[in-house]
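Residue numbers (our numbering), protein chains in the order written: chain A, 23 to 278; chain B, 16 to 441.
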């Protein structure tokens, strides 16, 4: 596996979480999270629902605010400073479970919006970048349609292209295939695998264990707001050490 | 299955004759059962009876030519009264020989509204249309306009500011320079003007005789109050709605307080306050035109209602839309103008136009403070002792004119909904 062949210990960290804690009201959703993500590393995060995995990656681009600990992205420490947050969001792309395309804009406008308004890219150049990315996710012919006219799988591929238009250094995926019909999961995963092979730093919350086996450098198992276990995919699936991991893997792999 | 032909070769079979055509339609929808058939016949008879009575009164026995009320009596509708009074009803006490001015002012406003209704104009052209339309309207109505230097400077400052805010990143360097120049000239000029360095100079455009607002009346008054009332209340309502959803407690509190306060009182009480109480609080010697005071009251009142309608649209958007915009690094104004408002406003077109129609009619309440809007001039036309005793005709005529405007708005709402939702249905 090409991705695991590199020696990651020598590569620079692009995301560091140190002792991160978060509460929703009285509910302790993240407990003492420590995580170091190296440049180009692909991490798959799994765990039962409500374990805090989505909240964890949403803290990285400040869609959720953490209350204790430090999050450093590309050398910038997240704080309440809006400039800091916007700087980080320019470097971090995100793909959502429910696509969240803008229904009132065409596919092309969905893609060029952020480059034009946030990065001040000239319109023509932004459109060229957008078209090349649409070609990459294999739907250039849909550029002038509206999101509502596309299938779920196509919409999610557009969402990936939209995030890539900002030329992000890091991509966050929040259960990107969970809202898709089964026959469309593969087309989205193929795009993600391609992206991984090109060296993008990726954090994916997903239950697609095939994807984890194919590209992940590390699989993280979360339960009740804690990182319970993390390992390379081979070892993670072959020899889970924690009882909770074993139980979880038993449940989800049983269905595959 | 040898007898099954491939679908493509199958001869189309016509539907049964008694199910299609006007006869089939009538059988299915009007006479599907005994009860249904009887209902149809009874209702039809009722409609014919009412229509027969109305046409008899309004057309066949109506008097179109009488010169006094006495000649009219005894017959059907006295439309001669409208014929006699229509200039007063439409233009009020505006000097009689100058009636062409309010007429063209009304035409200018209608042209402005019809042009703005076209979606292709929703860009910089809208500013031009409203600038030119408003200038023509008020020049015709007043006859003379004095544009003070401070107003020109303020417009330069605001125009430059809007240009910088909305076109950042899209503008060419020279265009951006122009905006900076406008802002610079406007800001420096205003400071110098306030400091007294620049004189209180104004441009006078005075091609016609001056007609003060107390002489205005009829349709132009109703149209001005409604058009500018809603044109200002709309952006104001958007700001209130956004403010109400703000995370900053002070802004949120102010907006909620204002909306609840305004919604809690009748428009009439607000109009009376504006006309009777406001002058008491002003330093003696300063007067604000009564018409302007009524206009401001309408704007404040409509703004609060529009804000609540728009808030409904903002709340109907899925959280994911806000998150996607945030995750891309859009800042608050960009997120609001590019993602949130275009979607929220689309959702609320029907209730929004409903509010607009309501306020178009509510402008008639200004008669309470002695402003002669269209309904009030119609009312005054009845006072003439020569023509006493025909309120039905006058109010029916006024209702007909109001109906034309309100029904147009209602149709436009329908068109807008279809037009904006083309291909974007979720």
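Yeah, the Cβ is synthetic: ideal placement off N, Cα and C, and Gly gets one too.
Check, Outcome
"Rounded C-alpha distance that separates residue 59 (chain A) from residue 240 (chain A)", "10 Å"
"Where residue 137 (chain B) falls: helix, strand or coil (DSSP)", "coil"
"Alpha helix (DSSP H) segment containing residue 237 (chain B), residue limits", "234–259"
"Three-way DSSP call (helix, strand, coil) for residue 147 (chain A) in this model", "helix"
"Residue 119 (chain A) in three-state terms, based on DSSP", "coil"
"Distance between residue 42 (chain A) and residue 54 (chain A) (C-alpha atoms, nearest Å)", "5 Å"
"Cβ-based contacts, 8 Å cut-off: residues of the stretch 352–384 of chain B near chain A", "353, 354, 357, 358 and 361"
"Cross-chain neighbours of residue 338 (chain B) in chain A, by beta carbon under 9 Å", "80, 85, 116, 118 and 122"
"Cβ of residue 15 (chain A) within 8 Å of any chain B Cβ", "No statement about residue 15 (chain A) is possible, as the shown extent of chain A runs from 23 to 278 and does not include it."
"Cβ separation of residue 312 (chain B) and residue 286 (chain B), assumed to be a contact under 8 Å, to the nearest whole Å", "5 Å"
"Opening and closing residue of the alpha helix (DSSP H) in which residue 160 (chain B) lies", "Note, residue 160 (chain B): premise wrong, no alpha helix (DSSP H); beta strand (DSSP E) at 160–163."
"Residues, ordered as in the chain, of the stretch 126–142 of chain A that lie near chain D by beta-carbon distance below 7 Å", "Structure shown: chain D not included; protein chains present are A and B."
"Residue 271 (chain A) vs residue 259 (chain A) beta-carbon contact at 8 Å", "yes"
"As assigned by DSSP and simplified to three states, the class of residue 394 (chain B)", "helix"
"Same chain, Cβ closer than 8 Å to residue 403 (chain B), neighbours up to 5 away in sequence not counted", "84 and 397"
"Those residues which DSSP pairs with residue 50 (chain A) across a bridge", "A:45"
"Start and end residues, beta strand (DSSP E) containing residue 217 (chain B)", "217–220"
"Straight-line Cα distance separating residue 59 (chain B) from residue 39 (chain B)", "19 Å"
"Spatial neighbours of residue 201 (chain A) in its chain, beta-carbon cut-off 6 Å, leaving aside the 5 residues before and after", "119 and 120"
"Sufficient close CB pairs (3 or more, under 8 Å) joining the stretch 178–194 of chain B to the stretch 243–250 of chain B", "no"
"Amino acids of chain B, ordered along the chain, whose beta-carbon sits closer than 8 Å to that of residue 111 (chain A)", "341, 342, 343 and 344"
"Beta carbon of residue 190 (chain A) nearer than 8 Å to that of residue 114 (chain A)", "yes"
"Same chain, Cβ closer than 8 Å to residue 447 (chain B), neighbours up to 5 away in sequence not counted", "Beyond the ends of chain B as shown, which are 16 and 441, falls residue 447 (chain B); an answer cannot be given."
"Buried/exposed call for residue 115 (chain B), threshold 16 Cβ in 10 Å", "exposed"
"Straight-line Cα distance separating residue 340 (chain B) from residue 130 (chain A)", "16 Å"
"Buried versus exposed, by CB contacts within 10 Å (16 or more), residue 4 (chain A)", "Given a span of 23 to 278 for chain A in the structure shown, any question on residue 4 (chain A) remains unanswerable."
"Per-residue contacts from residue 335 (chain B) into chain A (C-beta, under 9 Å)", "118, 119, 120, 121 and 122"
"Residues sharing a beta bridge with residue 196 (chain A), DSSP", "A:227"
"CA-to-CA distance, residue 56 (chain B) to residue 93 (chain B), given in whole angstroms", "33 Å"
"Within-8 Å CB hit, residue 113 (chain B) to chain A", "no"
"As assigned by DSSP and simplified to three states, the class of residue 57 (chain A)", "strand"
"Chain B contact residues for residue 188 (chain A), given Cβ-Cβ distances below 9 Å", "343 and 344"
"Beta-carbon neighbours of residue 349 (chain B), restricted to chain A and to distances below 8 Å", "139 and 140"
"When B:252, B:281 and B:385 are compared against residue 291 (chain B), the one with the closest alpha-carbon", "B:385"
"Alpha-carbon spacing of residue 13 (chain B) relative to residue 143 (chain B), whole angstroms", "Residue coverage of chain B in this structure runs from 16 to 441, which leaves residue 13 (chain B) outside it and unanswerable."
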